[in-house]
Every structure is written in C-alpha cells, then in structure tokens.
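Student: Starting off with a structure, shown below.
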Amino acid sequence: MTEFQKKPTSAEGYRPVGAAEISDHDGSSLTLRDGSGPGQTTVEIAVLAPDLFRVGMFPSGRPVRYSSEAVAKEDWPEVEVSIVDSNSDASGSAGSADSVTLATDSASATVSLSPLRIGFADGEGWEFAADTEGPGGGMGTVPRPGAGPGGDPVGEPVRLHKKRRPGERYFGCGERTGGLEKTGTTLTFWNADPPEGHTASYDNLYASVPFVLTLDEETGTAWGMLLDSTHRTHVDLAHETDKEASFQAEGGDLVYYVFCGPTPKDVLRRYTELTGRTPMPPLWALGNQQSRWGYEGAAEVEEVARGYRERDLPCDVMYFDIDYMDGFRVFTWGPESFPEPKETVSRLADEGFRVVTIIDPGVKVDEGYRVYEEGRDRGFFCLTAGGEELHNAVWPGVCAFPDFTSPEVREWWGENHRALTDVGVDGVWCDMNEPSFFIPEQSTMPEDAVHPGGSTGERRYHAEVHNAYGSLMARATREGLLELRPERRPFVITRSAFAGVQRHAMQWTGDNSSWWEHLYMTMPQLMNMGLSGVSWAGMDIGGFFDDTSGELLARWYEMGIFQPFCRNHSAKGTRHQEPWLFGERYEASIRKMLKLRQRLIPYLYTLFEECHRTGAPILRPLLYEYPADGVARTADDEFLFGPAMLVAPVTRPGEANEYRHVYLPEGTWFHYWTGERHDGPDHVLAHAPLGEPPIYVKANTAVPLWPEMNHVEEKPADPLTLLVYPAEGAESGETTLYEDAGDGFGYERGEYARRTVSCEASENKIRVRVSEREGSFDPERRAILFELHCVHAPESVQVNGGEADFAYDEEARRLTVTLQEAPGESTVEMLLQDNVDT
Ligand code: GLC
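Below, the structure written as structure tokens:
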C-alpha cells in the first residue's frame, strides 16, 4: 500500500471522554474537564456567531489552542447567548446539572455531561450533528504506543462520532476524485502527488479541505462541519453504517466548527468568514491562458503566443514551466533557454500577454547558489528526525525544503520573488508543494521530519502540519508579491492546499489525464471545491497526461470556458495541444468558445466579486440554488455558472453523444443557441453538436457581455451588452453588474461601480431597469446595449420615459436598444404588439 492510501489507525481501544465537569464558563462558552493530572482532557464549547459553534477537545493535558492555518478570523463580536442547565433556568449555576444548553436566537448546542455528548439544533429545535451514544460514541482518543502524556508530541489519534439523521446527504470535502455526493464513502485527507491517472481507486489528491456540507433530503436544510486538523485525517460519511459519520485525525487536538445554515448559502457565507474569502483577482486572470511543460525556451513561448494572435484566438496569459530556470534552481533564469527574460516578458506584454512562472519548494542543494546558501545559513530548511538538513530529490536533483511554518522563512521566500517581479513576471504558480519527493517516487516528507519553526514559530513534526505545507507556501508567495508590488493584486496558483487556501491562492487540480472520464470529473470536483470555499479553481483543459484528440480538446473547451480558471496545460512528451493543431473544424469550435469566454468576462467578474464578498461559488452545483430539489441535488454532470446560466457539457465522444439529457430546475430557461423556452423543473434532451454545448439562460436575468476582444486589456470594452431573455409568466429577475479598475485596491475605498439589473415581463410590456451606480468608479464607456432575445416586435420602446430608437431583427426575434452610459437609474420599456413569445 502506498503512503497516501494508508488506512486510519484501528479504533480498537477507543476511549471516549467520560463524565465531564464544568470547570469554567463565560457569556458564550463552557470549559469542561474529564479526569485530572497530566492525562486530563479539556473540552471547550464556544459560540462564535449566532449560527457558528466551535468545539475543542485537548486530550492528555494538551494546552487549549485554536490558532490554525485554516482560520482567518479569530475575533468574533460578542453574541447574545443564553446558557441554561437542566436543573435551572438561570445561567451560572451549572454545577450539578445533567446537561447545559448554549442558545442563540437561531441555534443551540446541548452538552450532556455524563458521559459527555454534544448535539446541535436550529432555532426551531430541529436537531443535527449530535454525538452518537454508547461506549463507542462521542469523542475521544485511540491509544497508540508511545503517545500520550509525556510521549511523542504528535499525540494519539482523536476521534469523533456523529449521528446521521435519516436522509442526510454529504457534499464538499474539497478536491477529490469521485462524484459530487460523498454519502456512503470514506475519505482520506493527506496531501499527495498521486500516481498518474486520478481514479476512484484512491480519493485524496493534492489538497485537504476537511469540510462537509450536509443537506437534509426532505427539506434542503443545510449545515456544515469543519474538522480543523492538519494531521492525516480520515472521514467516514455513512460508509461503515448509514447511521453515523465519523472523523479521525491521527494526532493533535480535536477541533471542529459547526455551521448551522439553514441554506447552503448561509453555510458557505459563514464558512468563508471563518476561513477567509477569495481575494479580488486581477481582471486579466479571468482571460484564457496557455501553458505546457516542455516549451523549451523563450522563442517557443513567443511563437505560441503569436499563434494565438495570428489565428484570432483570445488569450491573456502565457506560462513558463520549470524549463525557464537555470537547472531548475528556483528564482533563477536559464542562460540558454531564457537569456533575456526581461525582453521576452516585455515583448509578450506588448502583445497583451501576462506571464506566470512556476516555483517549486525544493531548493537545489548547491554550493554557490545564493538561495540555498542563505536558507542553509539561516536555518530555514526542514530537518530530519536526527537534526540534519532534510534532503530529497525533485527536478533539480538533491533539494532542501523551506520550513514554511516559520514566519521568517515565509518572509524570506516572499522576498526571493523579486527575481521574478524585477523581470516583469505577473503571477506565480506554486507546484510540487505537498511537498512531492522523488525518492521513493511520488512520496512526501517523512512524518518525523522536523519543522524548526524559526525564532517566532514553533518546532513541530511534519505529521502535525503536513496538510498545511502547500497552503503555507502559497501564503508566503502572496504575501511576498504584496510586499513587492503593493499596488497590484497578486495572482498565485497552488497545487497543494488546506482549508482556507482561498485567501492566498487559486487552486488548480494538478495532473489530470486526457481522458473523457476526466472531462466529466472536472464537474463534481470543481463543484465540491466551490462548496468548500475554494471557488477560484480549474482543471488543465485538454488533460495533462496522455495524448488528447481534437474532439476531446474541443469538447473540453466547451466546459473549460466556464471554469473560473481557464488554462490549457499538458505534459512534456505528450502530444501538443494548442487549439489550432487538430484541424479547422476543432479550431473554429474552440475559437467560438474562447470568444464566448472573453465576452462573458463582465459577468464572471461580477461573480468573482460576489464570491469575494460572500463566499458564493462561481461554478456552482444546482443544489446550491435549489437545495430542496431532490433531482437538482444529484445532478453532477451539469452546473450553474452563477445564478443566470446553466451549462451541461458533452463529456462523451461521437455522434451518439451529440444529444444529452439535461435537468432544468424550477424557473424558465432559454436555450442559448436556439432560443427555445423551457419551463422547469423538466428533463430535456438537448442537441449539442460540436461548438454548441447545452447552455441555458435564466429568464428575466440579465447577463452582461463585452464586445469581442482578443485579450482583456484590448480597450475600449464599449459598448457593454446586457443580454436578457424576457419571459412573461416567469418570475421577474435581478442580477448585479460589478465593475472596477480590474487591478489594485481602489475598490476597497469605494472605487467600484455596482448596479442591479432587473427585468419583468408582462403580457404586453417588458421593463428592464438598471439601478443607479453605487460607488465612485466610472467605467468610461459610451453605451450600454440592451439585447433582448426571443421577443416579438415592439410597438414602441421608451428609454427613461421618452421614445427611443431600436432595432428589431425579425428572424432572430432580437430587439436591441442603445442607452448612454450614465450614473443614474435607467429604465427601458418595451410595449409589445403581442405577448412575449412562449
Ligand atoms: C507537475 C505539475 C505540472 C507541471 C510539472 C512540471 O507535474 O503538476 O503541472 O507541468 O510538474 O513542472
């Protein structure tokens, strides 16, 4: 069995916390103790927000501590909590009670004391996340020889058992293989560089987000739980028995957070408040991106970039994979492959391309190499159990590995990025940061390796921090870029990650394969990442390993343009997969998709801002918007792109698969290519020839679009189109349009423009209203074009109460009206000769 498939320590001998005594309490938390002396266990239950509880169990005399790489917010405003024990109604006299309840106005936690069991309920008394009963229930520890008081600091495995309510269904859990729903599965959280060909034979990949989003199948009520441990963790979601979910971390403390919902939106909002939100991206990062491991030098990268421009294929970013370095030494440039990096980057910039370079954590052990010598002399690398500098092989040969748990090391690492920013590099791609070791192949740092922690950090074993290593590298990178270029929004990609990574970097899903199966897997994987706070994410379009085909690549783009991160990337030695290499038919189809991506950028940017502000996923599963819809909940091969668009990509080859089933949830939907109207909920058979993936736009819900452009900075983006499919009989709709400078931090000082666009359609009138601009940003454009589809010819059109010119295309049943860009509210009204077409 390989390292990353290791099974949990057997639960045999499990010792739950026994009778607990209240040792302390304040207005919003309780402290309990079981036992005394060095073997004593402390348990705390705290209310952090009306719908957020934290539970901590610190066994074997371990100190109470919550600081964690997952958590961004530690200071919570005071919450009104009533603490009532089973013997009295008043707070404060909890001495001899059987149980104590901590209640807010929307949820409660009830703590039974003997034995200790904790459960939760919403404001209506609907119970969830209750500890199981009996000798094998609740929370406690599993004995491990050598661990325990005075033993190894990693501690004993800690376990938690929660009852599963009938009908509870599980989702989230970050990046994994397998389908959308995780009910009935076991999950390992241990960051690994898995073998080629991610399949269901193993479920953990490069990242660990031990966060479960739970839905009640009857009502759609949602709640969530984060097990905040960076140790190896195993979770059983109703696999062993359908009556229970259990959690085990192989050491440390047991700290978990319960998010009471009641909707997926509420859970995600609170979860991302705790763990941090996705920062605003630089606008260019939303554009199309091209990469390949194997572009041998500057000339080849520039030639590929030219290929995009010559063929009228939109592209914003070029990547430099490891070959740009001097012998794979990080923070250097290869004298032969990239002899004049500054000139190369600047020529690419002149053509409208941004540049992103890869950085691995392994620093080549090499006398005379500044980065290594500095790291060694300052004691910045991880150590072996015996106290030597820990070495293993990665691309450059023998390497040492920075201890990113140390704040000084992170600062030093960040400063090193000057070698890239001085040349004009725009973004940084953190790779191999599980960390991945070549000896033995695709292994990782030994669990007994030591992170010295630096002068302000703490000395810890690798086993304690393993799952955070990648996130900490990403954090060092983001903080470094912010230091070096405070006026620019950092663009950082990471492969390895832990809960909360979204505040440091976007995550791409590593080395997938050019398989149809992986095109399908992109959907459940990205949807679950979105449900785990990691919304800014994407898979390698076309597949990394193996040879792609024209059909697979073209179909992959039909899905890939809706990923928050849209990048074609492939491995050295595989067939090249730039969009123009498979003949005109596929190239034309990819061009059409890339142009659509580029046109959708104002909509996508608005979704990013919503994600940044509220934690709402960008690419979201249907269950996020329709949690009570049982069919929507299981839809794992289609997704919502924001609230206004539903996409159901084709993920199988051949003519037979030009038709596919699509489920449309409640509401009215229009087929993007034909304008056909569907009233959901409905199952439809969509015809999806190449270049026409099934895309549906929600009625009365405006989608902002740019004119066609080849890259994001090709100005002016004028006019802005508001695409609307009005539908009489459908709910009126509302969307937001958010704009700002596209980089920098002016938006934090109010330099943004936010407007709502609402649309209602009645029998003889359609009214679209654009609200007054909120914020001080002026988009500097002349016009907004209203494009109303699937409507009959209007009798008249009024803009802000006055008659207006309009164009009507009979055949396309499309009405266009132009409006001057202005900060005030504008209303466009169409009086129709006839009903809006149904
Ligand atoms: C890893 C990365 C891959 C990259 C390669 C070479 O396999 O996941 O994207 O191209 O290393 O750097």
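Here the sequence shown is numbered in this note's numbering, starting from 1 and rising by one per residue.
Even for Gly, the Cβ is constructed at its ideal location relative to N, Cα and C.
Verify the contact flag: P322, CB atom, against every heavy atom of the ligand GLC, threshold strictly below 7 Å.
Tutor: According to the sequence displayed, residue 322 carries Ile and not Pro. Checking every heavy atom of the ligand GLC against the Cβ of I322, one is found closer than 7 Å.
Student: List the endpoints of the continuous alpha helix (DSSP H) containing G630.
Tutor: Per DSSP, G630 belongs to the alpha helix (DSSP H) from 630-634.
Student: Tell me which residues share the same chain as E825 and place their Cβ nearer than 8 Å to its Cβ, disregarding the 5 neighbours each side in the sequence.
Tutor: R769, V770, S771, E772, listed in sequence order.
Student: Return the CA-CA distance between A299 and R347, expressed in angstroms with no decimal places.
Tutor: Spanning the two alpha carbons is a distance of roughly 11 Å.
Student: How many whole angstroms separate the CB atoms of F401 and L390, which I take to be in contact at a CB cut-off of 8 Å?
Tutor: 6 Å between Cβ atoms; contact.
Student: When DSSP labels each residue in this structure, what does I45 get in the three-state scheme?
Tutor: Strand at I45.
Student: Mind checking G155: buried by the 16 CB within 10 Å criterion, or exposed?
Tutor: That one is buried.
Student: Over what stretch of residues does the alpha helix (DSSP H) that includes P608 continue unbroken?
Tutor: Before going further, note that residue 608 is Phe rather than Pro in the sequence given. Looking at the DSSP string, the run of the alpha helix (DSSP H) that includes F608 is 601-614.
Student: So, are the CB atoms of L313 and L594 less than 8 Å apart?
Tutor: In contact: L313 and L594 (Cβ atoms closer than 8 Å).
Student: Would A730 be called buried (16 or more neighbouring beta carbons within 10 Å of its own) or exposed?
Tutor: Buried is the call here.
Student: If you draw a straight line from the alpha carbon of P564 to that of V55, how long is it in whole angstroms?
Tutor: Approximately 34 Å, taken between the alpha carbons.
Student: For a quick check, are the C-beta atoms of V394 and D360 less than 8 Å apart?
Tutor: Their beta carbons are under 8 Å apart, which means V394 touches D360 by this criterion.
Student: A644 and T721 - do their beta-carbons sit closer together than 8 Å?
Tutor: No. Outside cutoff.
Student: Could you pull the DSSP bridge partners for C430 from this structure?
Tutor: Answer is I359, T494.
Student: Between which two residues does the alpha helix (DSSP H) harbouring N416 extend?
Tutor: Residues 407-416.
Student: Please indicate yes or no: does the CB of I359 lie closer than 7 Å to some heavy atom of the ligand GLC?
Tutor: I359: no, Cβ never under 7 Å from the ligand GLC.
Student: Is the beta carbon of E739 closer than 8 Å to that of S776?
Tutor: Contact: no.
Student: Is the Cβ-Cβ distance between V724 and P694 less than 8 Å?
Tutor: Taking 8 Å as the Cβ cut-off, V724 and P694 do not qualify as a contacting pair.
Student: Using the DSSP secondary-structure output, state which residues sit across from T756 in a beta bridge.
Tutor: Beta-bridge pairing links T756 to T736.
Student: Using the Cα positions of P281 and P794, report the straight-line distance between them to the nearest angstrom.
Tutor: When rounded, the distance between both Cα atoms is 41 Å.
Student: Can T177 and P59 be called in contact, C-beta distance under 8 Å?
Tutor: Taking 8 Å as the Cβ cut-off, T177 and P59 do not qualify as a contacting pair.
Student: Which class does L819 belong to by DSSP, given the choice of helix, strand or coil?
Tutor: In the structure shown, L819 sits in a strand (DSSP, three-state: E or B).
Student: What are the uninterrupted segments assigned as alpha helix (DSSP H) that are 4 or more residues long and contained completely in the region 312-373, given in chain order?
Tutor: Complete alpha helix (DSSP H) runs here, min 4: 341-350.
Student: Mind checking who Q798 pairs with in its DSSP beta bridge?
Tutor: The partner list for Q798 (beta bridge, DSSP) reads E803, E829.
Student: In the DSSP assignment, the beta strand (DSSP E) including N392 goes from what residue to what residue?
Tutor: Here the beta strand (DSSP E) through N392 covers 391-394.
Student: What is the residue span of the beta strand (DSSP E) that L472 lies within?
Tutor: L472 -> not in any beta strand (DSSP E); alpha helix (DSSP H) instead, spanning 469-484.
Student: So the alpha helix (DSSP H) S463 belongs to, where does it begin and stop?
Tutor: Inspection of the sequence shows that residue 463 is occupied by Ala rather than by Ser. It spans 462-465 - the alpha helix (DSSP H) in which A463 sits, taken as one unbroken run.
Student: Given a cut-off of 8 Å on the beta-carbon distance, is the pair W669 and Y696 in contact?
Tutor: Against a cut-off of 8 Å, the Cβ pair of Y696 and W669 comes out as a contact.
Student: Judging by CA-CA distance, which residue of L831, V703, L819 is the nearest neighbour of I766?
Tutor: Measuring from the Cα of I766, the nearest candidate turns out to be L831.
Student: If we ignore side chains and look at the alpha-carbon of each, how far apart do R489 and G746 end up?
Tutor: When rounded, the distance between both Cα atoms is 11 Å.
Student: Out of curiosity, what's the CA-to-CA distance linking A90 and W76?
Tutor: Confidence at A90 is low in this model, with a pLDDT of 47, below 50, so the placement of that residue should be treated as unreliable; the coordinate-derived value is given next. Distance between the alpha carbons of A90 and W76: 25 Å.
Student: Kindly indicate which three-state DSSP category H25 falls into: helix, strand or coil?
Tutor: Looking at H25 - three-state DSSP - the assignment turns out to be strand.
Student: Measure the C-alpha to C-alpha separation of K342 and V301 and round it to an integer number of angstroms.
Tutor: Taking the straight line from one Cα to the other gives about 14 Å.
Student: Do you know how far the Cα of T31 is from the Cα of E44?
Tutor: So the alpha carbons of these two residues sit roughly 5 Å apart.
Student: Specify, as a first and last residue, the run of the alpha helix (DSSP H) that L875 falls within.
Tutor: A query on residue 875 cannot be resolved here, the shown segment of the chain reaching from 1 to 838 and no further.
Student: Considering only residues of the same chain and omitting the five flanking positions on each side of P617, which have a CB-CB separation below 6 Å?
Tutor: Same-chain partners within the cutoff: G530, S535.
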